[in-house]
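Reminder that position 368 of the sequence shown reads as 368 in the UniProt record's numbering, one-by-one numbering, no gaps.
Heads up, the beta-carbon is just placed ideally off N, CA and C, and yes, glycines get one too.
Notes to accompany the following structure.
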Amino acid sequence: MNNLKIGMFFPLEETSQIHWQGYQNSAGAVLEAFRDAKKNYSILNSINVSYYWEYNECVVSSAAGRFFEMVNSENDSIDVMIGPACVETAPIIGSIAAYYNFPVFLYGLSSVFNSFTDTTLYPTVTTVMSTYNYGARGLIEMLIKLQWYDLSLIYMHSQESLGMCAKFADIFDDLVSDEYHSTNIIYKRLILNFTDTNLRSIADEISRVSRIVVMCLDEQEKSRSMMLAFFDSGMNNNEYVYINVDPGMDKYIDGENKILLKDYTVPPDGRDNDSYSMYPYMLSFDYSMKGGMIENYDNLRAKMPQLMAEPPFNCTTECEKYNISSVYAPYLYDTTYVYFSCLAQAIAENKGNKTFRDLIKNGTLITNYAVGTFEGITGEFSINSLYIRDAFVTLGTYMNNGLNVTRWVEASVGSETLSVELLYTDPKTTIWALRGGEQPLNEPTCGYINKKCPYDFIHKNPIIFGVIILGCIIIIILIILLILYFYIQKKREEEKQNDLWKINFNLLIKYEEYVKPELTVHSRKSFMSASQTSVRLSIKHDPEGRYRLFVYNNEYVMGRFHDCIYVLTRKDIAHLRFMRMMDHDNINKLVGFSLNGPALMSIWKYCNRGSLVDILTNDHLNINIDGFFIYSLVKDTVEGLYFIHNSPIKVHGNMSSRNCLINERWQVKLSDYGIPFLRAFVWTAPEILRCDISHPNKESDIYSLAIVIADLINKGISFENDNLSGGANEVIYIIRNRKTLPYRPNLNPAVEDIPPAMLHLVKDMWSEDPSLRPNLDVVKQLVKQMNLGRCSNLMDHVYNMLEKYAASLEEDIQERTKELVKEKKKADILLSRMLPKAVVEKLKLGQPIPPEHFDSVTIFFSDVVSFTVLASKCSAFQVVNLMNGLYTIFDSVINAHDVYKVETIGDGYLCVSGLPERNGYRHVKEI
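Structure below.
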């Protein structure tokens with residue numbers, strides 16, 4: 001078993017030293033560190049550790065003498081020194097240790113204040129707490145990163161805090177002066193007098209030279225007083241930044257630390273609201289801990305009384321009043337742990353080369369193993385090649401009235417490392433969120449006392465400014481008058497537009513009165529000619545019903561009475577003005593609204609072919625309804641609804657076959673749109689019938705469109721042939737209440753060439769789930785694709801049909817003409833045989849045939865001798881052949897002479913010459 005002797009120096013009596021690093025509440029940390037080291041390094045289990053400690057109240061001569069004795073004692077010489085923690089004694093201890101090549105591991109303020117960076121002077125000294133030099137350097141780098149160069153530095157010296165702030169301020173000032181020439185400390189002040197008057201004076205002095213204030217005030221109440229002085233001096237705005245430096249290197253523990261700007265005096269001064277209002281302008285700078293075994297930090301501090309009661313300290317009565325460890329006891333733990341880690345590595349690597357005694361007292365060898373990264377209870381940390389712990393510092397904002405600090409900038413500083421990292425991406429919503437998203441400038445645009453900005457125009461030219469103000473007032477008055485003028489003009493224009501759609505009921509002439517006999521025949525004929533174009537269809541005019549035909553401004557209009565009492569709002573009036581201006585080929589134009597009649601009535605342009613219902617239910621329609629005819633009606637209906645959906649009206653709201661009207665050009669025109677209180681329930685979407693939605697929407701229009709298309713495909717009204725005794729009311733009830741198996745019309749195409757795609761589209765459009773229905777852009781595109789290679793509209797289709805009919809008729813006429821010519825020739829031949837040619841020509845011309853007198857003609861008559869005897873002995877065919885042969889010879893003879901055959905009677909042959917053409921007296925010779 002190898003023996004190891006550890007020496008330590010502790011302050012025992014001075015209260016401030018005890019709070020930070022005293023014996024009574026710190027020494028037990030070495031015991032815990034050795035226990036944890038043995039768990040991680042089994043090689044340490046073969047070592048027997050003895051502890052030797054001395055009490056020293058930071059007296060240099062005493063510390064030097066006692067250390068010399070401890071190192072050179074013949075029997076009880078120590079092998080390592082943990083400490084001292086006092087600032088004053090550490091350098092002399094380090095120098096003696098260098099002479100003896102003796103390992104020294106420092107913690108506490110001895111390592112924080114001093115800078116053991118020269119390894120030639122202190123080759124065996126390791127500091128396991130970082131230094132103010134590293135921390136101050138990190139703060140300067142952060143300020144440069146944030147582009148803040150001109151600083152004010154205010155600080156105090158507190159004996160309770162062992163002068164930490166004063167030391168930090170001196171080191172900070174030295175670094176700025178010696179190394180950071182781009183940064184300037186414009187104002188530096190050690191505050192000795194904390195009266196309100198003095199603090200206000202300091203605040204006023206700072207406001208004239210700087211906006212970035214670095215303040216290190218050890219006592220909480222002093223910090224609060226200073227921030228209230230800044231508040232009272234009007235320095236509570238976004239121009240100022242107050243960086244509160246916490247040099248203590250401790251970790252916040254619940255109940256141990258005070259809220260920075262809270263008043264703890266009794267009675268309180270009542271200014272917490274004022275002090276808390278300064279938090280947005282403050283940043284917190286401190287040494288931070290992260291990673292490692294930091295979760296054991298609080299446990300160690302709470303466990304300290306128990307550790308002090310153990311051997312070899314056996315401190316019970318004196319240590320009982322310290323129920324928690326000193327501030328730097330965790331650092332003593334880490335220092336001891338680092339030493340044992342170095343010792344374990346040295347033993348493992350030099351076991352065969354050196355004896356245990358030679359190895360443990362070789363300070364340079366042990367110290368070399370201190371370079372690296374360690375997992376301590378003060379966080380994860382690194383010791384650099386100068387055997388000094390790197391500093392990890394942060395800059396953050398105070399949150400929740402000082403209860404928390406959110407860190408936004410961090411810096412890592414050592415002999416080999418110097419890095420600053422921003423922990424945010426959007427500064428407006430993070431580090432500067434409490435300042436309205438704006439980062440403070442190093443110097444305001446106009447300087448600290450507004451000397452860099454020239455006097456404004458108002459102070460230089462008060463008279464001109466007054467004239468400008470007067471001119472602005474006049475301009476404002478003119479603008480107000482102009483706005484008022486345009487407002488009045490707009491109102492007048494709206495009234496004019498309202499007059500367009502407001503129709504006086506007394507100006508409407510009933511159809512029955514217009515066609516009375518006392519009215520002009522011309523008027524009646526005009527209407528009859530217009531209404532009887534092609535098929536004599538019209539909306540069912542019922543003098544006592546909902547739809548009534550009127551004449552307005554010599555034009556026929558259709559009035560639609562609404563069985564409701566409704567008062568138009570301003571929004572409704574604007575809506576009607578827009579509807580009056582709507583114009584589209586497939587939209588029936590709204591003529592206006594009558595508000596003073598027996599009931600509210602909308603008035604629409606008259607379409608003389610009626611509605612789709614009239615077309616589909618008319619069995620005597622004298623036009624062939626084929627697939628393209630159906631397609632054209634569907635296309636027009638979709639185009640009209642597409643226009644409505646893309647207009648400010650957005651929704652038809654009353655889509656049905658009854659509201660799809662047909663004009664004289666066979667165009668579909670959607671009517672009764674855009675009026676919410678009009679609704680036809682058979683065509684209404686189920687979600688509206690169930691009151692799932694309060695008003696029609698585009699999806700409900702798609703459903704209604706599907707029912708209309710189904711009417712066209714079936715060439716009939718949907719649900720009429722479903723054998724429901726309850727009629728429309730029963731249909732509506734079933735649609736409203738059946739969800740699992742939706743009730744829809746059957747699709748039975750009435751014509752053969754309906755595209756199957758149209759049937760699938762209709763089924764998608766009347767889906768029970770509105771979200772599954774295609775929108776109208778998709779419907780329009782799909783309907784358009786169903787017409788590839790065919791006409792673009794119904795009129796073109798009709799014209800093509802007429803052209804084909806005309807071509808067929810022309811061919812038929814030509815064929816009939818040929819037959820007529822043939823028959824005419826036959827008739828001419830027959831007439832020429834029966835009558836003289838001259839008589840035939842006059843008869844053909846329709847001329848009368850007066851009788852003529854001939855002076856001289858020769859008549860020849862022949863008869864077959866004994867024809868009766870011959871006929872009795874011959875058959876009928878023989879008699880016919882005999883007579884035909886004989887008369888053929890006669891005909892050939894008389895054709896050679898000017899002789900006209902008059903008649904053949906039986907076997908008699910009568911002919912004449914000199915008649916009907918006169919030939920003088922040649923008739924005798926010709927005969």
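query, result
"Gly436, enclosing alpha helix (DSSP H) - first and last residue", "First-last for Gly436: undefined, no H or E at that position."
"Rounded Cβ spacing between Leu12 and Leu307 (contact assumed at less than 8 Å)", "Leu12 to Leu307, Cβ: 17 Å. No contact."
"Candidates Ala169, Gly135, Arg577 and Thr120, of which the one nearest Leu493 by Cα", "Just to set this straight, residue 493 is Glu in the shown sequence, not Leu. Nearest of Ala169, Gly135, Arg577 and Thr120 to Glu493, Cα basis: Arg577."
"Residue range of the beta strand (DSSP E) that includes Tyr547", "Tyr547 to Tyr552"
"Pairwise C-alpha distance: Ile630 and Glu803", "20 Å"
"Terminal residues of the alpha helix (DSSP H) in which Ala229 lies", "Gln220 to Asp232"
"Cβ-based neighbour list, Ala706, same chain, cut-off 7 Å, excluding 5 preceding and 5 following", "Val762, Met765 and Trp766"
"Rounded separation between Ile44 and Lys38 - CA only", "Contrary to the premise, residue 44 reads as Leu rather than Ile in this sequence. Each residue's Cα considered, the two are about 5 Å apart."
"Sequence-distant residues of its chain with Cβ nearer than 8 Å to Val638 (five each side left out)", "Leu705, Leu776, Val779, Lys780 and Val783"
"Buried versus exposed, by CB contacts within 10 Å (16 or more), His760", "exposed"
"Residue ranges of each alpha helix (DSSP H) within the stretch 4-76, 4 or longer", "15-21, 29-40 and 60-72"
"Burial state of Thr124 (16 or more Cβ within 10 Å)", "buried"
"Residue of Val591, Leu600 and Lys571 minimising C-alpha distance to Ile565", "Leu600"
"Met215, DSSP secondary structure in three states", "strand"
"Assumed close pair Ala710, Pro756 - CB separation to whole angstroms, cut-off 8 Å", "With a Cβ gap of about 14 Å, Ala710 and Pro756 do not count as contacting."
"Among Ala348, Met655, Phe105 and Asp232, the one whose alpha carbon lies nearest that of Arg389", "Phe105"
"Cβ-based burial, Leu4 [other Cβ within 10 Å; buried from 16]", "buried"
"Same chain, Cβ closer than 8 Å to Ser77, five either side skipped, listed in chain order", "Lys5, Met70 and Val71"
"DSSP three-state assignment for Thr336, whether helix, strand or coil", "helix"
"Inter-residue Cα distance where the pair is Val839 and Gly846", "10 Å"
"Asp711: first and last residue of the uninterrupted alpha helix (DSSP H) it sits in", "Lys698 to Asn714"
"Euclidean distance between Cα positions of Thr394 and Ser382", "17 Å"
"Cys607 in three-state terms, based on DSSP", "coil"
"Three-state secondary structure assigned by DSSP to Tyr187", "strand"
"Spatial neighbours of Cys315 in its chain, beta-carbon cut-off 6 Å, leaving aside the 5 residues before and after", "Met308"
"The stretch 173-183 / the stretch 203-222 touching (three or more Cβ pairs under 8 Å)", "no"
"Segment contact flag, the stretch 142-158 with the stretch 215-228, C-beta cutoff 8 Å, min 3 pairs", "yes"
"Reduced DSSP secondary structure (H/G/I, E/B, other) of Trp766", "coil"
"Inter-residue spacing [alpha-carbon to alpha-carbon] between Ile449 and Asn401", "31 Å"
"Sequence-distant residues of the same chain with beta carbon closer than 6 Å to Tyr322, five excluded per side", "Gln24 and Asn25"
"The alpha helix (DSSP H) enclosing Met142, as first and last residue numbers", "Tyr132 to Lys145"
"Cutoff 6 Å; reference Asp286; Cβ partners in own chain excluding five residues on either side", "Asp246"
"Residues near Tyr281 in its chain [Cβ-Cβ closer than 7 Å; skip 5 each side]", "Asn236, Tyr240, Val241 and Tyr242"
"Buried versus exposed, by CB contacts within 10 Å (16 or more), residue 934", "The chain is shown from 1 up to 927; residue 934 falls before or after that span and cannot be answered."
"Sub-8 Å separation of Asn586 and Gly640 beta-carbons", "yes"
"Within 8 Å, strictly: CB atoms of Tyr107 and Tyr331", "yes"
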